[in-house]
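Take a look at the structure set out below.
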Amino acid sequence: MIETIPFSKLEERSGDLFELVVAAAKRTRQINTLRIAKNPLPSINENEEETFEETPDEEEIIDWDKVEKPTTQALKEMLCGKLNYRYAGEDQEEESESEIEE
Numbered sequence: 001m002i003e004t005i006p007f008s009k010l011e012e013r014s015g016d017l018f019e020l021v022v023a024a025a026k027r028t029r030q031i032n033t034l035r036i037a038k039n040p041l042p043s044i045n046e047n048e049e050e051t052f053e054e055t056p057d058e059e060e061i062i063d064w065d066k067v068e069k070p071t072t073q074a075l076k077e078m079l080c081g082k083l084n085y086r087y088a089g090e091d092q093e094e095e096s097e098s099e100i101e102e
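Going by the working numbering, the sequence shown opens with residue 1, and the numbers climb by one from there.
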């Protein structure tokens, strides 16, 4: 079943929708990278021939159509408040401001 994600709830998290989309896109890439690392695609070495004598077990086959998509998972994490984001230079700016005040 297809569910829609209300953008009004996303706008409540931040006033800038563009920031939320960029943060969700970065999280989506992280999720996708983790999935690829856990389930690598089969590869053929140089010395091996392309033979299909062995078939993978039924347990090893993943039905990717039924798995939640990385984008949907990232947006749900953002709606639940599990995903936090910040600007790359924020930590450095805060440290330099505290040094100036001292």
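Heads up, the beta-carbon is just placed ideally off N, CA and C, and yes, glycines get one too.
Since we're looking at a predicted model, the values are computed, not measured.
Nearest neighbour of residue i, chosen from the options [CA to CA]
i: I62; options: N39, A25, Y87 and A88; result: N39
i: I2; options: L83, V67 and Y85; result: V67
i: R35; options: E11, W64, G15 and R86; result: W64
DSSP-derived helix/strand/coil call for residue i
i: K82; result: coil
i: S14; result: coil
Nearest-angstrom beta carbon gap, residue j and residue i [assumed within contact, 8 Å]
i: L79; j: K26; result: That belief does not hold up - the Cβ atoms of L79 and K26 are roughly 16 Å apart, past 8 Å.
i: A24; j: A74; result: 5 Å
The ligand MG heavy atom lying under 6 Å from the CB of residue i
i: A37; result: With respect to the ligand MG, the structure shown offers nothing to examine, as it has no ligands at all.
Residue i versus residue j - alpha carbon distance
i: N32; j: N84; result: 18 Å
i: S96; j: R29; result: Since pLDDT at S96 reaches only 49, below the 50 mark, its modelled position is unreliable, and the value read off the structure follows with that caveat. Straight-line Cα distance between these residues: approximately 31 Å.
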